[in-house]
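Notes follow once the structure below has been shown.
Residue numbers (this note's numbering): 5 to 297.
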């Protein structure tokens with residue numbers, strides 16, 4: 005009888021051991037599967053649309069690049085080529101207007117619940133912009149009616165807010181990754197104060213700067229777990245050439261004026277394909293940083 009009970013207990017112990025072993029094996033398998041098939045992050049890529057300074061009906065490079073990456077899967081890898089993170093791009097084009105730029109971004113954030121938000125605007129270089137200053141200045145560009153415009157005269161984006169706000173993207177890593185790929189990118193910075201005491205940063209005081217400041221503020225105010233930031237990309241070369249030609253023509257017979265514009269250097273430029281590649285690389289770094297948090 006004793007031997008029978010001992011045998012039964014041995015069988016029960018063996019079954020318990022096998023059960024625990026199976027549970028551990030499944031857990032390890034699940035973890036392994038999770039490592040090789042990580043959660044796909046949601047990326048909201050926002051590009052500004054038509055702005056004053058380019059011909060009506062033509063397209064801002066920020067819009068073109070954002071839409072070129074719409075639906076694309078972003079894959080971040082480690083030094084050994086192993087996948088460490090994935091993301092999917094959801095693109096949005098917003099107007100270059102003071103009152104119309106942010107509402108569609110806020111709506112997209114509410115509906116999509118993205119992990120990463122990256123804004124794009126055009127300028128004279130590829131600049132990864134960490135900072136936005138608390139200033140709005142200039143007249144906007146209504147794409148529906150170019151004759152209608154709203155003008156800001158050095159007004160605060162957030163009254164009583166900090167002079168600068170900083171985004172939350174991996175700015176240094178993005179710059180380094182682009183440079184390693186042969187893309188001449190650089191990081192923006194705070195520029196101190198103007199003569200009349202207003203804060204300055206490399207995005208300027210126009211709508212690109214508005215996004216740089218408004219984005220981190222919105223995320224903080226709504227207690228959102230989102231990495232958000234902004235990049236300036238190159239505008240089209242013809243959009244630099246045409247205004248220069250117009251400036252020269254407006255000089256009339258003033259030779260000093262003509263010489264001034266004839267002798268000013270132009271910013272460098274990058275093709276759309278290379279710009280898309282640059283933003284893809286930047287997003288890979290954003291995904292990598294997000295999954296490593």
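Using N, Cα and C, we set each Cβ at its ideal position, and we do this for glycine too.
The C-beta separation of residue 144 from residue 209 comes to about 12 Å, leaving the pair out of contact by the 8 Å criterion. The Cβ atoms of residue 120 and residue 92 lie no closer than 8 Å to each other. The segment 70-112 contains, as complete beta strand (DSSP E) runs of 3+ residues, the segments 77-81 and 87-98 (chain order).
Annotation: the continuous beta strand (DSSP E) that includes residue 155 extends over 155-159. Per DSSP, reduced to three states, the secondary structure at residue 203 is strand. Taking 8 Å as the upper bound for CB-CB distance, residue 138 and residue 217 are in contact here, some 6 Å apart. Nearest in C-alpha terms to residue 53, of all of 60, 61, 43 and 67, is 67.
Around the Cβ of residue 192, a 10 Å sphere holds 16 or more other Cβ atoms; the residue is buried.
Sorting 211, 70 and 118 by C-alpha distance to the C-alpha of residue 159 places 211 at the top.
Less than 8 Å divides the Cβ of residue 283 from the Cβ of residue 69. Following the DSSP letters along the chain, one finds residue 46 inside the beta strand (DSSP E) bounded by residues 44-52. Counting of Cβ neighbours within 10 angstroms places residue 289 among the buried residues, the total reaching 16 or more. A straight-line Cα-Cα distance of about 11 Å links residue 231 and residue 297. Rounded to the nearest whole angstrom, the C-alpha separation of residue 237 and residue 276 is 10 Å. In the DSSP assignment, the residues bridged to residue 168 are 137. Taking 8 Å as the upper bound for CB-CB distance, residue 286 and residue 178 are in contact here, some 4 Å apart. Contact annotation: residue 214 and residue 161 have beta-carbon atoms nearer than 8 Å. Out of 122, 194 and 89, the CA that lies nearest to the CA of residue 135 is found in 194.
Here residue 166 is exposed, its C-beta having fewer than 16 other C-beta atoms within 10 Å.
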